[in-house]
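What follows is a short report on a single structure.
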Amino acid sequence: MVSPARPPASSKNVKWPSHLAVCGDLILGAAETTDCVHEVDTALYSNDGVDHSGSLNIWSREPVAQGLYLSTSVAIATHPLRLSVGDTYQIRLVPEAIDGTNTDMPALPPGMTSMIGTGAITWVAEDRKSCKVEGFTYLNKTHGWQRFQLNLFFEDTGRWTQWTFSATGSLIDFEGVVMHKDKNDVFHVAVRRVALITTAPQQLLQALDVPTAATTSQAERVRQARAAGREQARVQQAAKDDASLPQETAQVTLPVKDSAQPPKEAGDDEDGPVTPTPRKQRRLNPAI
2 MVSPARPPAS SKNVKWPSHL AVCGDLILGA AETTDCVHEV DTALYSNDGV DHSGSLNIWS
62 REPVAQGLYL STSVAIATHP LRLSVGDTYQ IRLVPEAIDG TNTDMPALPP GMTSMIGTGA
122 ITWVAEDRKS CKVEGFTYLN KTHGWQRFQL NLFFEDTGRW TQWTFSATGS LIDFEGVVMH
182 KDKNDVFHVA VRRVALITTA PQQLLQALDV PTAATTSQAE RVRQARAAGR EQARVQQAAK
242 DDASLPQETA QVTLPVKDSA QPPKEAGDDE DGPVTPTPRK QRRLNPAI
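Right, here's the structure in full:
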């Protein structure tokens with residue numbers, strides 16, 4: 002069993018864009034209770050019929066009854082195997098009459114255990130038909146963020162012939178059926194749905210001990226090309242904005258050359274008072 006690993010936190014309230022939850026049958030056993038918080042011995046089954054033991058943390062005012070439960074989206078960490086239930090509505094007790102313990106009564110058929118989550122691809126096979134997905138899932142205030150690790154693979158059927166996994170460092174959302182657990186305590190999950198979200202944050206990859214050198218030069222060239230395209234688009238848009246502005250017509254005053262008017266004498270002022278010119282009187286000849 003791998004010792005529990007907690008992500009290095011640069012701040013107290015660090016959050017990670019990863020999560021893992023389980024849906025399926027859970028068998029709850031003995032519990033240790035402290036202030037309405039119960040640590041319950043729990044077992045879940047993989048598709049090969051093997052049970053896997055872990056612990057479940059649940060808050061409840063009433064003691065948790067032992068038996069078979071149906072779980073829906075219960076947070077789970079795989080290293081170590083630990084589950085957390087925030088409220089009892091996430092699990093439902095199967096009545097004893099149909100839980101399979103009474104051989105004289107019809108029993109509820111066992112369901113397949115499935116896992117749903119978001120994680121970073123830390124390794125991809127050469128044929129890209131299988132990969133390793135890791136991340137951190139938040140359980141509760143007591144256990145905080147706990148690590149998970151899964152091996153995802155596409156089954157060798159016609160449905161998945163054309164499907165392949167993304168490159169190392171990708172952040173994906175997935176859902177699959179728990180098929181078995183290998184000798185390294187890693188669950189192998191047959192994919193039923195997978196979608197690429199984006200490139201995983203560098204902080205998450207560093208916390209998972211994924212070498213940052215995994216970023217290829219090709220990816221760097223793609224980022225540079227996209228950045229150059231955005232810069233070119235910005236320049237073109239700025240040029241269009243400048244062309245759409247109204248153009249102001251400049252008024253140019255040309256200098257006056259060699260005026261025909263005589264130069265003004267000193268003391269002449271157009272704005273000064275004007276002296277009236279005396280009116281010439283017509284001389285009359287005396288009568289002869």
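In terms of the numbering used here, the sequence shown is numbered consecutively and its last residue is 289.
Every residue gets a Cβ at the ideal spot worked out from N, C-alpha and C, and that includes glycine.
Each residue's CA atom was taken as its position, placing residue 16 and residue 129 some 29 Å apart. For a cut-off of 8 Å, the C-beta gap from residue 73 to residue 24 is around 6 Å, short enough to register as a contact. Listed in chain order, the non-local C-beta contacts of residue 31 below 7 Å within the same chain comprise 42, local neighbours out to five positions each way being set aside. Under the three-state reduction of DSSP, residue 62 is assigned to coil, being neither helix nor strand. With contacts defined as CB atoms closer than 9 Å, residue 85 and residue 77 qualify as a contacting pair. In this chain, the beta strand (DSSP E) harbouring residue 150 covers 146-154. CA-CA distance, residue 159 to residue 236, rounds to 49 Å. Buried is the label assigned to residue 47, since at least 16 other Cβ atoms lie within 10 Å of its Cβ. In its chain, beyond the 5 residues on either side, 43, 45, 70, 72 have a beta carbon closer than 6 Å to the beta carbon of residue 27. Bridge pairing for residue 55: 43 [DSSP]. With contact defined as three or more Cβ pairs closer than 8 Å, the region 95-114 and the region 130-148 are not in contact. Short of 6 Å from the beta carbon of residue 166, and not among the five residues preceding or following it, lie these beta carbons of its own chain, in chain order: 125, 129, 132.
Residue 205: not part of any beta strand (DSSP E); member of the alpha helix (DSSP H) spanning 203-208, first to last residue. Counting along the chain, residue 99 sits inside no beta strand (DSSP E), nor does DSSP assign it H or E at all. DSSP lists no bridge partner for residue 227.
With a threshold of 16 other beta carbon atoms within 10 Å, residue 106 falls short and is exposed. From the listed residues 181, 80, 164, 122, the smallest Cα separation to residue 115 is found for 181. Per DSSP, the continuous beta strand (DSSP E) segment holding residue 181 begins and ends at 171-182.
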